[in-house]
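In the numbering used here, the protein residues as written are 28 to 481. Below is one structure; the comments refer to it alone.
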RNA sequence: GUGGGUUUAGCUCAGUUGGUUAGAGCGUCGGAUUGUGGUCCCGAAGGUCGUGGGUUCGAUCCCCAUACCCCACCCCA
């Protein structure tokens with residue numbers, strides 16, 4: 028035997044059971060997106076590296092999968108880079124394309140390229156795989172699907188609220204208990220400003236983000252290590268350990284941030300979003316969480332994250348507002364807000380909680396089993412009628428022992444089997460067997476169709 | 001990029017303080033039952049014990065190297 032085949036690290040095959048489950052997730056998400064007026068687009072798996080590089084920070088550049096140029100790529104490579112084994116320099120010469128790292132940047136590129144044809148505000152959704160070259164671990168893959176939904180070209184906070192409604196509706200349909208965490212970049216900026224460490228905003232928020240994981244003392248230690256002054260850390264304490272309802276929190280923050288114009292704006296945005304969500308009857312719990320600090324590189328307003336309540340898995344949906352989405356591609360003045368559903372993690376959550384509808388894998392409703400050539404020919408005609416009636420059905424394609432044909436139907440989880448022998452053909456009927464109860468009845472094709480359809 | 005763990009049948013895993021033919025459950029195939037699946041009963045097939053070296057009379061087991069997968073950190077969905 029040749030060496031066993033395998034697939035690249037961090038990638039997966041999806042067998043029929045898994046596809047049935049994944050499609051259930053995708054279909055649920057898609058139908059909610061459409062309900063809110065979003066339209067689907069797709070972009071290529073590969074983008075020019077010039078589109079991708081520099082958009083995700085240094086860390087992100089390292090995690091990009093690069094595609095080797097076709098042909099004799101070393102012919103045009105910089106000789107000194109080659110000589111000195113300078114991978115970074117050499118890379119520019121031998122690779123000009125890469126696999127997409129997320130769906131937001133390709134979307135921004137798409138908007139810029141199609142600006143003239145788009146009706147603004149443009150509401151798009153996109154469900155495609157993305158690739159990251161980091162080391163796989165639990166709930167983390169090198170190829171995974173994102174389900175992005177974004178509005179570009181509108182600064183209205185209603186967009187934020189509609190995204191919250193979408194989250195609410197998707198998880199209600201999937202029957203997953205979640206909590207939506209809400210924060211605002213402007214509040215974080217205000218905090219940094221007020222404690223006199225405006226330049227340290229990223230360090231501060233990254234440290235605060237770990238509060239749940241490493242505890243207050245360690246957070247403070249990390250802050251000190253990053254060069255935040257003791258006085259600033261002291262000022263930060265009431266904000267880090269903020270408690271109470273969202274309204275109480277906002278009231279407290281508003282006072283603390285009174286001197287920061289940006290901070291106050293952030294507080295107002297949060298209030299507006301929370302109030303509107305309440306008026307519109309969003310059932311999912313929304314928690315104002317100042318320690319939420321994802322995607323700070325580009326978010327400028329609201330920041331969202333959704334966590335499953337009953338499973339320890341990290342965030343299953345995330346997103347936020349990014350002003351100037353298309354600025355890096357030369358078109359300024361377009362604000363966007365969007366979220367991304369992590370399909371692979373939702374899949375893991377549904378698996379752990381076993382929340383799939385029962386009938387997901389029943390592709391075939393009926394299998395015809397036959398005893399010989401004559402019966403087979405007769406069954407083919409019956410099969411045609413059954414399919415015409417819209418019932419997914421099949422026939423065992425070979426004349427083998429009936430036992431084997433039954434085992435096939437059973438193995439596929441088929442609910443009904445039609446047994447066709449000499450007597451059935453003679454009477455123009457079939458023996459319909461209910462595979463769950465084991466009950467058998469002699470019926471005509473019309474009766475069979477009526478029985479399975481109901 | 002840093003650190004840890006694993007690797008024995010198709011799958012999930014036992015096991016030998018280094019000693020003849022390496023086991024179980026599940027799955028697969030066959031039979032019981034020549035018009036009936038699943039359940040029950042009987043039987044069978046299937047492993048160079050991840051790979052390459054070393055120690056030893058002898059290695060699946062001990063040592064070294066390597067690969068792969070997994071887990072944690074960083075970061076992120």
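All residues carry an ideal CB built from backbone N, CA and C; glycine is no exception. If you're wondering where the values come from, they're calculated on a predicted model, not measured in any experiment.
**Message:** Using 8 Å as the threshold, is the C-beta distance between residue 100 and residue 68 below it?
**Reply:** no
**Message:** Count Cβ pairs between the stretch 270-286 and the stretch 209-225 that sit closer than 8 Å; are there 3 or more?
**Reply:** yes
**Prompt:** What is the C-beta distance between residue 268 and residue 243, in whole angstroms, given that I count them as a contact (C-beta under 8 Å)?
**Reply:** Going by Cβ atoms, the distance from residue 268 to residue 243 rounds to 7 Å, so yes, they are a contact pair.
**Asked** Taking C-alpha atoms, which residue in 173, 79, 138, 400 lies nearest to residue 88?
**Response** 79
**Item:** For residue 199 and residue 370, the rounded distance between their alpha carbons
**Value:** Distance between the alpha carbons of residue 370 and residue 199 is about 15 Å.
**Message:** Using C-beta distances below 7 Å, list every residue in its chain close to residue 29, excluding the 5 sequence neighbours before and after it, in chain order.
**Reply:** Confidence in residue 29 is poor, its pLDDT being 41 and thus under 50, which makes the residue's placement too unreliable to answer from.
**Asked** Rounded C-beta distance between residue 92 and residue 209? I'm assuming under 8 Å.
**Response** Residue 92 to residue 209, Cβ: 33 Å. No contact.
**Asked** By DSSP, does residue 34 sit in helix, in strand, or in coil?
**Response** coil
**Request:** For residue 325, collect the residues of the same chain with a Cβ closer than 6 Å to its Cβ; drop the 5 residues on either side in sequence, then sort them by chain order.
**Result:** 349
**Prompt:** So, residue 254 versus residue 227, is the Cβ gap smaller than 8 Å?
**Reply:** yes
**Asked** Does the distance from the CB of residue 241 to the CB of residue 293 come in under 8 Å?
**Response** no
**Prompt:** So is residue 44 buried or exposed if we call it buried at 16+ other beta carbons inside 10 Å?
**Reply:** exposed
**Prompt:** To which residues of the same chain is residue 460 closer than 8 Å at the C-beta, ignoring the five residues directly before and after it?
**Reply:** 443, 444, 445, 446, 466, 467
**Item:** Span separating the alpha-carbon of residue 480 from that of residue 334
**Value:** 40 Å
**Item:** Start-end ranges of the alpha helix (DSSP H) lying completely within the stretch 45-81, minimum 4 residues
**Value:** Qualifying alpha helix (DSSP H) stretches, in chain order: 76-79.
**Request:** Check each candidate in 234, 245, 319, 258 and name the one with the smallest Cα separation from residue 342.
**Result:** Of the candidates 234, 245, 319, 258, the residue whose Cα lies closest to the Cα of residue 342 is 319.
**Prompt:** Count the other CB atoms within 10 Å of the CB of residue 34; is the residue buried (16 or more) or exposed (fewer)?
**Reply:** exposed
**Message:** To test your reading of the DSSP string, which unbroken alpha helix (DSSP H) runs of 4 or more residues are found completely within the stretch 225-282?
**Reply:** 228-236, 238-252, 257-267
**Asked** Ends of the alpha helix (DSSP H) at residue 391?
**Response** Unbroken run through residue 391: none, as it is neither H nor E.
**Prompt:** Would you report the Cα separation of residue 264 and residue 39, rounded to the nearest angstrom?
**Reply:** 44 Å
**Prompt:** From residue 249 to residue 234, what distance separates their C-alpha atoms?
**Reply:** C-alpha separation (whole angstroms): 6 Å.
**Request:** Could you please give me the residues that DSSP links to residue 367 through a beta bridge?
**Result:** 175, 345
**Request:** Give the C-beta separation of residue 193 and residue 60 to the nearest angstrom, bearing in mind that I take them to be a contact with Cβ-Cβ under 8 Å.
**Result:** 7 Å
**Item:** Classification of residue 41 by the beta-carbon crowding that lies within 10 angstroms, buried from 16 upward
**Value:** By the neighbour-count rule (16 or more Cβ atoms within 10 Å), residue 41 is not buried but exposed.
**Request:** Could you spell out where the beta strand (DSSP E) holding residue 209 opens and where it closes?
**Result:** 205-211
**Supposed close pair residue 441, residue 391 - CB separation, criterion 8 Å** = 5 Å
**DSSP-derived helix/strand/coil call for residue 29** = At residue 29 the pLDDT is 41, less than 50, meaning the model places this residue with poor confidence and gives no usable figure here.
**Asked** How should residue 133 be labelled, buried or exposed, when 16 other C-beta atoms within 10 angstroms of its C-beta is the threshold for buried?
**Response** buried
**Asked** Looking at the structure shown, is residue 191 part of a helix, part of a strand, or coil, going by DSSP?
**Response** helix
**Asked** With contact counted as at least three CB pairs below 8 Å, one residue from each stretch, are the stretch 419-431 and the stretch 376-384 in contact?
**Response** no
**Asked** Under a Cβ-count criterion, where at least 16 other Cβ atoms within 10 Å of its own Cβ denotes burial, should residue 86 be classed as buried or exposed?
**Response** exposed
**Message:** For a minimum of 3 consecutive residues, which ranges assigned as the beta strand (DSSP E) are wholly contained in the stretch 101-153?
**Reply:** Here the runs fully enclosed are 122-126.
**Request:** Please go through the same chain and pick out, in chain order, the residues whose beta-carbon is closer than 7 Å to the beta-carbon of residue 286, but skip the five residues on each side of it.
**Result:** 221
**Prompt:** Do you know how far the Cα of residue 138 is from the Cα of residue 276?
**Reply:** 37 Å
**Local Cβ density within 10 Å of residue 58, reported as buried at 16 or more and exposed below that** = exposed
**Request:** Out of 396, 53, 408, 304, state which residue places its alpha-carbon closest to the alpha-carbon of residue 186.
**Result:** 304
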